[in-house]
Every structure is written in C-alpha cells, then in structure tokens.
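*Asks:* Heads up, the sequence shown is in my numbering, so the first residue is 69 and it goes up one at a time.
We put the CB at the ideal spot given by N, CA and C, even for glycine.
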Amino acid sequence: MTFYDEVGGYETFEKIVNVFYREVAIDPVLKPMYPEEDLRPAAERLTLFLVQYWGGPGTYSERRGHPRLRMRHVPFHVNPDARDRWLRCMRTALDEVALSPMHEATLWDYLERAAYAMVNTMEPSGIGPAPAGRALMEARSRSEDSTESS
Ligand code: HEM
Numbered sequence: 069m070t071f072y073d074e075v076g077g078y079e080t081f082e083k084i085v086n087v088f089y090r091e092v093a094i095d096p097v098l099k100p101m102y103p104e105e106d107l108r109p110a111a112e113r114l115t116l117f118l119v120q121y122w123g124g125p126g127t128y129s130e131r132r133g134h135p136r137l138r139m140r141h142v143p144f145h146v147n148p149d150a151r152d153r154w155l156r157c158m159r160t161a162l163d164e165v166a167l168s169p170m171h172e173a174t175l176w177d178y179l180e181r182a183a184y185a186m187v188n189t190m191e192p193s194g195i196g197p198a199p200a201g202r203a204l205m206e207a208r209s210r211s212e213d214s215t216e217s218s
C-alpha cells in the first residue's frame with residue numbers, strides 16, 4: 069500500500085490543494101505570481117504532481133513530462149517571503165484535512181524541504197513575476213501562439 073492509498077487517494081490530495089489555492093487566492097504576494105487569473109488549472113497540476121509523487125497514477129508526467137520543478141519555477145520570483153507564504157497556505161490545508169500524525173509529519177517534512185529547495189532569489193519581491201520571468205513567459209506564450217496558427 070502506497071502513502072497515496074494510506075491517506076485516502078486522489079480525494080485527499082485534491083482537498084489539500086483546494087484549501088491551499090483558496091489561501092493563495094487571498095495572498096497579496098502569491099496570487100499575482102500566477103500567470104492565469106483562474107487558479108483551477110494550476111490546482112489540477114499541483115494535485116496531479118503530488119498524487120504521482122506519493123505513489124498514485126502517473127497522469128502528471130503523461131500530461132506535463134518530467135516534473136523538473138526547480139526549472140519550472142525559474143520564471144517566478146520565489147524568495148524566502150514567497151516560500152514562507154506558500155508554506156503557510158499549505159499549513160492551513162494540512163490542518164484542515166487532519167491526516168494521522170505520522171502521515172501529516174511525513175507530508176509536511178517533504179513540503180517544507182521542497183519549498184526551501186524552490187527558492188531561486190534572495191531579492192525582495194515587487195508585485196508580480198520578476199521582469200526576467202515575465203519576459204520568459206511572454207516569449208513562451210508567443211511561441212505557443214505561432215505553433216497554434218501554423
Ligand atoms: C516555495 C514557494 C513556491 C511558489 C511561490 C510557487 C509558485 C508557483 C507558480 C506561480 C506556479 C505556476 C502556476 C501554474 O501555472 O501551474 C507554480 C507551478 C507549480 N508548482 Fe510551485 N511554487 C512554490 C513551491 C512549490 C513546491 C514546494 C512544489 C512541490 C512540492 C510546487 C509544485 C508546483 C507544480 C507541480 C507546478 C506546476 C508545474 C507544471 O506542470 O507546469 N511548487 N508554482
């Protein structure tokens with residue numbers, strides 16, 4: 069039995085991520101970092117990633133390829149403040165789902181380490197992605213547009 073099964077499968081991760089994004093939506097630093105106004109697609113990506121990481125179906129990689137999470141976060145201004153806010157949203161989510169103490173400790177330990185590893189700048193944040201991140205995302209969306217029209 070995997071950790072994924074032990075905590076209750078897909079539904080449990082979906083619940084955690086839904087609470088997490090409810091909190092992100094009201095965070096003045098985190099919310100503007102998200103490229104899409106609608107947080108549901110981002111919530112689905114995070115759910116599928118966590119599901120796969122903890123032993124559930126590999127849908128995340130079928131859709132998104134190798135996670136390469138640090139690389140995927142390069143466009144975003146992840147400084148210690150953003151990390152702590154991200155973790156605070158996760159803390160609220162884990163408190164609401166109330167896993168067993170063992171599962172809770174295991175999951176929290178992972179999330180904390182992962183969040184520390186995602187920090188990619190020590191610069192204080194302005195509002196929105198760092199200028200380099202914005203340029204990168206705009207270039208990416210331009211190349212997606214041109215692929216679609218050709
Ligand atoms: C430390 C603070 C963090 C911040 C501020 C942050 C912010 C973001 C942002 C703005 C996105 C883009 C939203 C989207 O379109 O999907 C994103 C994507 C994502 N993040 Fe984070 N993140 C953080 C940490 C983490 C951690 C610790 C994990 C994993 C445990 C994680 C997993 C993901 C995943 C799976 C995606 C979607 C990747 C994809 O398939 O494109 N993030 N994050």
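Is W176 near ligand 1, with its Cβ less than 8 Å from a heavy atom?
*Replies:* False, no ligand heavy atom lies under 8 Å from that Cβ.
*Asks:* Looking at the structure shown, is W122 part of a helix, part of a strand, or coil, going by DSSP?
*Replies:* coil
*Asks:* Would you mind working out which of F81, V75, V87 and Y72 sits nearest C157, comparing C-alpha positions?
*Replies:* V87
*Asks:* Mark P143 as exposed unless 16 or more other C-beta atoms lie within 10 angstroms of its C-beta, in which case mark it buried.
*Replies:* Buried is the call here.
*Asks:* I believe H171 touches V75 by the beta-carbon criterion, under 8 Å. Please report the beta-carbon distance rounded to the nearest angstrom.
*Replies:* 5 Å
*Asks:* So what's V75 in DSSP terms, helix, strand or just coil?
*Replies:* coil
*Asks:* Short of 6 Å in beta carbon distance, which residues of its chain neighbour G123, apart from the five on each side in sequence? Order them along the chain.
*Replies:* T70, F71 and Y72
*Asks:* Can you list the alpha helix (DSSP H) stretches of 4 or more residues lying completely in the region 123–178, in chain order?
*Replies:* 127–132, 137–140 and 148–165
*Asks:* Look up R105 in the DSSP assignment and say whether it is helix, strand or coil.
*Replies:* Position check: residue 105 holds Glu in this sequence, whereas Arg was assumed. Of the three classes helix, strand and coil, the one that applies to E105 here is coil, per DSSP.
*Asks:* Is Y78 near ligand 1 - that is, is its Cβ less than 8 Å away from at least one heavy atom of it?
*Replies:* Judged by the Cβ position, Y78 fails to qualify as a neighbour of ligand 1 at the 8 Å threshold, every heavy atom of the ligand being at least this far.
*Asks:* So, are the CB atoms of L107 and V97 less than 9 Å apart?
*Replies:* no
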